[in-house]
Amino acid sequence: MAQTIKRGGKGVRRAAAARTTQRKVQAARQQTGSVLDTVMHWLPFSEETLHRILMTLILAAAAAIVWTVAVMAGIPTLASEQAALIASDAGFKVSHLEVRGVNRMNEQRIYERVLGQNDRAMTTLDLAALRDELNQLPWVKDARVSRKLPDTLVIDIVERNPHAVLRKPDRMVLIDDSGVELETVKLDKAKGMLVLSGLGVGQRVQDLTRLLDAAPALKPQVSEAEWVGNRRWNLTFKTGQVLALPEGDEKSAGALLSFARMDGVNRLLGGKVAAFDMRAPDRIYMRVPGHADEVAAEKRAADQAKAEAKRIAAAAKSDEG
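So in UniProt numbering, the last spot in the sequence shown is 321, and the numbers never skip.
Given below as structure tokens:
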């Protein structure tokens, strides 16, 4: 009887090999599952948290790819604006301003400079440019600008210290120890402060400070300093007396120190002398108010006495004749 042989049927060896492969796959699956279970057991978060982390990484990678494509396509500005819009919608925009370190200056000046940053996305702020703009304010010696997420802009101000008052033809101006003009002040608010005058005196403030430091005992007694002819100083003391100093930093400092020594011995300040002139080397000239009038009156009296003596002598001689 004839038998039909079916092609493609599995032989004994092939079936055995298939069963062996299936057992290996099942064993590998069991081993892999065991390893994953062990890893999940040691992780400090749940499987759901791990899933979220993976999704975040995937989204971040996708965003980076989109950004790269945008830059390569020549539209980085559009991509940046879109990112800023997303950040703003998420609450990362300037809604509050925190100013620190302001004691003397008008704080409104700072708000005026920062007003344009209101409701802007925190990611688009140019902190360096804003700092440079704040440093242009007269009272600001230094400014630091920082973000306090999600919506606060923090500004730390280092103020200049008022040092003296600059007398100008039409106003009084407060200045710091380097001569920077801070603001206009009224005369009553300048009371008790050192008053400076003279053309170009604003650039000589530090020179004056070094000069007065040469005689620390006199420094608190000086009420005004005039820079004369762009070459020397006239100092006015609180007593109203004026001291004219010679030209040159060393000569003027030496003269002031000599005057301090003489004042310590002879009490020049508060006396009758109205002005002291130390411009000539090794000598001092003093002017006493009314002294010239007294000398003139004494000379007139002496002349009158001589004339009277001559008249008397002439009359006596006439009587004898």
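The C-beta atom is built at its ideal place from N, Cα and C for all residues, glycine as well.
Here L166 carries a strand assignment [DSSP, helix/strand/coil]. L211 is positioned such that its CB atom lies no closer than 8 angstroms to that of L257.
Between R267 and A275 the beta-carbon gap is near 16 angstroms, outside 8 angstroms, which marks them as no contact.
Of the other Cβ atoms in all chains shown, fewer than 16 fall within 10 Å of the Cβ of H96; this residue is therefore exposed.
DSSP, read as helix, strand or coil, puts K186 in coil. In chain order, V205, Q206 place their CB closer than 7 angstroms to the CB of S178, counting only its own chain and leaving out the 5 sequence neighbours on each side. Counting every other CB atom within 10 Å of its CB across the protein chains shown gives M278 a total of 16 or more, marking it as buried. DSSP places M286 in the strand class (E or B) of the three-state scheme. Here L212 carries a helix assignment [DSSP, helix/strand/coil].
The C-alpha of V222 lies about 17 angstroms from the C-alpha of L174. The C-alpha of P216 lies about 21 angstroms from the C-alpha of K191. Assignment of D156 by DSSP, reduced to helix, strand and coil, places it in the strand class. In terms of Cα proximity to D188, the closest of M172, L127, A143, I312 is M172. Counting along the chain, the unbroken beta strand (DSSP E) around K148 starts and ends at 140-148. When L149, I65, M105, W233 are compared, the shortest CA-CA separation from L199 is found for W233. Residue environment analysis places D282 among the exposed positions, since fewer than 16 neighbouring C-beta atoms fall within 10 angstroms of its C-beta.
E98 is bridged by DSSP to V154. In this chain, the alpha helix (DSSP H) harbouring A260 covers 249-266.
In the DSSP assignment, M105 forms no beta bridge with any residue.
Looking at the DSSP output, D277 shares a beta bridge with A244, Y285. Here the C-alpha atom of M105 lies approximately 18 angstroms from the C-alpha atom of L166.
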